[in-house]
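Read through the structure below, which is laid out as structure tokens, and then see the notes.
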Amino acid sequence: MPHPLVTPEMIETFQRDGVVLVKGLFADHVETLRAGIAANMAAPGPYASENRKEGHTGLFFDDYCNWERIPEFREVAEASPAAEVAADLMQSQSAQMFHDHVLVKEPGTSMPTPWHQDGPYYFVDGRQTISFWSPLDAVKEATLRCVAGSHLWEKEVLPTRWVSEEEFFPDEGQYMPIPDPEAEGMRIVEFEMEPGDAVAFNYRVLHGARGNTSASRRRAFSLRLVGDDARYVERPGRTSPPYPGHDMVPGQRLREDWFPVLFRR
1 MPHPLVTPEM
11 IETFQRDGVV
21 LVKGLFADHV
31 ETLRAGIAAN
41 MAAPGPYASE
51 NRKEGHTGLF
61 FDDYCNWERI
71 PEFREVAEAS
81 PAAEVAADLM
91 QSQSAQMFHD
101 HVLVKEPGTS
111 MPTPWHQDGP
121 YYFVDGRQTI
131 SFWSPLDAVK
141 EATLRCVAGS
151 HLWEKEVLPT
161 RWVSEEEFFP
171 DEGQYMPIPD
181 PEAEGMRIVE
191 FEMEPGDAVA
201 FNYRVLHGAR
211 GNTSASRRRA
221 FSLRLVGDDA
231 RYVERPGRTS
241 PPYPGHDMVP
251 GQRLREDWFP
261 VLFRR
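Each residue of the sequence shown is one higher than the one before, starting from 1 at the first, in the working numbering.
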């Protein structure tokens with residue numbers, strides 16, 4: 001039986017569309033995550049960015065791979081039902097940690113989160129992948145937007161750097177250019193969300209978010225997990241996150257001493 005937060009219809013939707021809303025996934029952990037984000041912003045990690053782009057207003061802070069040094073993030077990864085819910089939605093026997101990601105848009109932040117797929121930035125690939133994006137403030141316009149079914153596209157979307165818009169690594173024909181979902185009439189799924197709700201989406205789902213033109217902060221926490229079939233892959237250049245010195249080889253499962261299994265049936 002799936003976790004009580006998950007229905008068979010949600011599993012079917014996740015498999016078909018690559019995205020589904022999980023109400024209240026982190027409802028019992030909102031204050032813990034808020035404290036973790038405050039600690040993260042007070043002491044950013046080596047991958048932190050303020051995403052300052054010429055002509056834009058506000059502040060768009062993001063940082064990732066901090067769960068090992070920020071106890072609040074580790075606590076939520078281990079104590080919340082996210083890993084079991086992930087296994088249910090992925091139809092996997094296990095759910096393994098990949099990394100965490102914090103994204104904070106202060107009031108009046110005009111810069112959007114560009115359309116992108118997470119998977120091409122990563123050194124892991126598989127059918128069973130999942131990211132939970134959870135706001136810690138009520139969101140409407142600044143919510144996550146996902147293109148339904150894009151995880152099934154034949155080609156992945158070329159990853160780019162958010163501020164400079166440069167290609168993340170050279171394209172040798174294996175990637176497609178970033179589409180314009182609105183102009184091309186794609187089905188965009190988005191939800192008005194309360195703190196602790198979570199959008200669950202496959203790493204290959206094309207997604208983005210508008211800027212935050214409201215008078216309130218938009219703090220979001222992402223937890224990224226993988227399932228049974230996820231394997232290490234090599235990309236044409238440096239991945240993000242890079243995890244230097246991991247010593248993995250193509251086709252290998254992520255090493256459990258670095259990426260612990262959080263749930264196993």
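For glycine and all other residues, C-beta sits at the position ideal for the given N, C-alpha and C. Note that this is a predicted model, so its numbers are computed, not measured.
From what residue to what residue does the beta strand (DSSP E) around residue i run?
i: M97; result: 94-105
i: T113; result: 113-116
i: R210; result: Looking at the DSSP string, R210 is not in any beta strand (DSSP E), and its letter there is neither H nor E.
i: L33; result: Run containing L33: none in the beta strand (DSSP E); it sits in the alpha helix (DSSP H), 30-42.
i: L144; result: 144-147
i: E190; result: 188-190
i: V199; result: 198-201
i: V261; result: 261-264
Can you tell me whether residue i is buried or exposed, with buried defined as 16 or more other CB within 10 angstroms of its CB?
i: V147; result: buried
i: K105; result: buried
i: G119; result: buried
i: D171; result: exposed
i: Q117; result: buried
i: A270; result: With the chain covering only 1 through 265, there is no way to say anything about residue 270.
i: S164; result: exposed
Residue i lies in the alpha helix (DSSP H); which residues open and close that run?
i: P71; result: 71-79
i: F14; result: 8-17
i: D137; result: It is not in any alpha helix (DSSP H) - D137 carries neither H nor E in the DSSP assignment.
i: L223; result: Where L223 is concerned, there is no enclosing alpha helix (DSSP H), although the beta strand (DSSP E) it sits in stretches over 218-226.
i: E84; result: 82-90
Please report the Cβ distance between residue i and residue j, rounded to the nearest whole angstrom; I am assuming they are in contact, meaning their Cβ atoms lie under 8 Å.
i: Q252; j: R231; result: 6 Å
i: Y121; j: T239; result: 6 Å
i: V19; j: V249; result: Rounded, the Cβ-Cβ distance is 31 Å, inconsistent with contact.
i: L324; j: E78; result: Because residue 324 is not part of the residues shown, which for the chain are 1 to 265, the question remains open.
i: S150; j: L206; result: 4 Å
i: T213; j: E141; result: 7 Å
i: A209; j: L144; result: 5 Å
For residue i, which residues does DSSP report across the bridge?
i: E154; result: The partner list for E154 (beta bridge, DSSP) is empty, contrary to what the question assumes.
i: F61; result: V104
i: T109; result: N212
i: T160; result: E167
Does the region 38-58 come into contact with the region 92-99, if we say contact requires no fewer than three beta-carbon pairs (one atom in each stretch) closer than 8 Å? no
May I ask you to verify whether the region 120-134 touches the region 180-200, counting CB pairs closer than 8 Å and requiring at least 3? Contact between the region 120-134 and the region 180-200 is present, because at least three Cβ pairs lie under 8 Å.
Specify whether the region 106-126 and the region 210-230 touch according to this definition: at least 3 beta carbon pairs, one from each stretch, less than 8 Å apart. yes
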